[in-house]
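All remarks here apply to the structure that follows.
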Amino acid sequence: MKCGVGFALLFTLVAVFSKGEAGKFACIVCRATLRASQAALDVVKSAFAAAQSQLNVAQSAANTASGILKKADDDLKEAISLGDTESIAKAQAILKVKKAESDQANAVLVKATESIAKAGAAIHDATVKVIKVTVECTRRCRPS
Numbered sequence: 006m007k008c009g010v011g012f013a014l015l016f017t018l019v020a021v022f023s024k025g026e027a028g029k030f031a032c033i034v035c036r037a038t039l040r041a042s043q044a045a046l047d048v049v050k051s052a053f054a055a056a057q058s059q060l061n062v063a064q065s066a067a068n069t070a071s072g073i074l075k076k077a078d079d080d081l082k083e084a085i086s087l088g089d090t091e092s093i094a095k096a097q098a099i100l101k102v103k104k105a106e107s108d109q110a111n112a113v114l115v116k117a118t119e120s121i122a123k124a125g126a127a128i129h130d131a132t133v134k135v136i137k138v139t140v141e142c143t144r145r146c147r148p149s
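Next comes the structure, spelled out in structure tokens:
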């Protein structure tokens, strides 16, 4: 049955092409491909915007964590200068926790940076595809 459908499609295409409609058919297919390529580019641009938003949030979190870490480090230095062993131990414990939080925020920032790089590369690839299809459609759909 599949073979019969294939032959029917083949004969239909041959009939369309034999009537001089080959150019119109190729142009229709080309334009549909162009619309699909442009839609794919729009999707990738949306993904890039989402990645940019995530990067902004991660950058803000990393900056905040860095500030908190610096304050914890300053508190430790002050405790050391006072010589209070209890305050030093407390400040060291806080600094250790804040260092872990800062490291985690920086890891999230790295992942967000990688995501935006991938999204940028995807935009490039999709843009190149749209340009190639546009050039091909211009060539195929040129008025005779």
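Everything in the sequence shown is counted per the working numbering, starting at 6 for the first residue and increasing by one. We treat Cβ as the ideally placed atom computed from N, Cα and C, and that holds for glycine.
Pick from the options that is closest to residue i, judged by C-alpha positions
i      : options                          : result
His129 : Gln43, Gln109 and Ile33          : Gln43
Ala56  : Val113, Lys82, Thr132 and Cys142 : Val113
Gln64  : Lys103, Val102, Cys35 and Ser107 : Ser107
Ala131 : Lys29, Cys32 and Thr38           : Thr38
Ala124 : Ala31, Lys29, Asp47 and Cys35    : Asp47
Lys210 : Glu91, Ala126 and Leu74          : Since the first residue of the chain shown is 6 and the last is 149, residue 210 is not available in this structure.
Lys82  : Val140, Ala96 and Ser58          : Ala96
Ala45  : Ser71, Ala127 and Gly72          : Ala127
Distance between residue j and residue i (C-alpha atoms, nearest Å)
i      : j      : result
Phe53  : Ala94  : 45 Å
Val135 : Ala110 : 37 Å
Arg40  : Ile33  : 11 Å
Ala29  : Val133 : A quick correction: the sequence has Lys, not Ala, at residue 29. Between Lys29 and Val133, the C-alpha separation is close to 25 Å.
Thr118 : Val138 : 30 Å
Lys104 : Ala84  : 18 Å
Val62  : Ser86  : 36 Å
Lys50  : Ala77  : 40 Å
Ala98  : Val115 : 26 Å
Ser92  : Ile121 : 43 Å
Helix, strand or coil at residue i according to DSSP, with G and I counted as helix
i      : result
Ser89  : Note that residue 89 is Asp in the sequence shown, not Ser. DSSP places Asp89 in coil when its eight states are reduced to three.
Ala13  : Confidence is the limiting factor: at Ala13 the pLDDT is only 48, short of 50, which leaves the residue's position unreliable and the question unanswerable from this model.
Cys146 : coil
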